[in-house]
Amino acid sequence: MLIVEDERAVALALKDVLHQLGYDAFAIADSAEDALACALKRRPDIVIMDIGIKGPMDGVAAAQMLETRFGVPVVYLTGHDESAAIGHARTTEDYGYLLKPVKSAELRSALEVALTKHDLSDRLRVSEERFRHAFDNSPVGMTINLQSGRGLRINAAMCDMLGYSENDVIEAGVAELRRGDFDCLIGFGGGSPIDTAN
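Under this note's numbering, residue 931 is the last one in the sequence shown; the count climbs by one each step, no gaps.
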């Protein structure tokens, strides 16, 4: 766990609470640059980020950087219940917000929710990647359709069957291209498979 907080006394108190809760708060950073350096040395599982930190980048910019480089969840810490600050923070992945001073029970709850949400997001991403790979590389021609019947996604096997490029099919819509071109189209999403048998 990485703490990014430019008030040293607050950071040390937070680190102490985290250790009491059983978390390994391995480093304290006081700027975006310092946070990146700490994350490069040891990738954190989660970051507690003060929105107002020293340096040219605020906590939101630092969170975006850590999210992009390391895919790490960030729980924001702020001294004020400011809707503008929270709105600004929502430009990043939203894993939680804590107001200073942080209560031990609230801290544990926020961290556990953030870690669980991040884990579920990772699992969903892996599942989507596997589906995309299977769909794209399937020898069976398939398309994922909107309810309207317009092609949303089409694989290479289907493009070969139709004799059109993916862009052509998506632009024209599967319904326009399917008549007489092939015997069967498997469509997922928005209803039952499309029957094109003549």
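From the three backbone atoms N, C-alpha and C, an ideal C-beta is built for every residue, glycine too.
Inter-residue spacing [alpha-carbon to alpha-carbon] between residue i and residue j
i    : j    : result
H851 : Y828 : 8 Å
P806 : R863 : 23 Å
S871 : D778 : 36 Å
G792 : A762 : 11 Å
L853 : V859 : 10 Å
R775 : R741 : 21 Å
N931 : I877 : Unreliable positioning characterises N931 in this predicted model, as indicated by a pLDDT of 34, which lies under 50. The coordinate reading is nonetheless provided below. Distance between the alpha carbons of N931 and I877: 21 Å.
R865 : Y830 : 34 Å
G804 : E861 : 17 Å
I936 : L857 : What the structure shows of the chain is the stretch from 734 to 931, and residue 936 is not part of that stretch, so it cannot be assessed.
Q797 : F868 : 31 Å
M734 : A770 : 14 Å
D855 : E904 : 32 Å
D749 : M790 : 26 Å
E845 : R802 : 22 Å
Presumed contact (8 Å Cβ cut-off) between residue i and residue j, rounded CB distance
i    : j    : result
A758 : I736 : 6 Å
E738 : L810 : 7 Å
V808 : A843 : 5 Å
V835 : L747 : 7 Å
L799 : A760 : Rounded, the Cβ-Cβ distance is 13 Å, inconsistent with contact.
Contacts around residue i, its chain only, beta-carbon distance under 7 Å, and the 5 residues preceding and following it disregarded
i    : result
H752 : A758
A795 : V737, A765, A768, M782, I786
R841 : L754
G788 : S764, A765, E766
V743 : K833
Close beta carbons around residue i, own chain, < 8 Å, minus the five adjacent residues each side
i    : result
L848 : D778, I779, P806
L745 : I761
Other residues of its chain near residue i: CB distance less than 6 Å, five sequence neighbours each side excluded
i    : result
G874 : A890, M891, M894
Y756 : M734
**Item:** Complete alpha helix (DSSP H) runs within the region 745-805 (minimum length 4 residues, chain order)
**Value:** 765-774, 792-803
**Completely contained beta strand (DSSP E) runs for the region 826-888, where each covers 3 or more residues** = For the region 826-888, whole beta strand (DSSP E) runs of length 3 or above, ordered along the chain, are 830-832, 875-878, 884-887.
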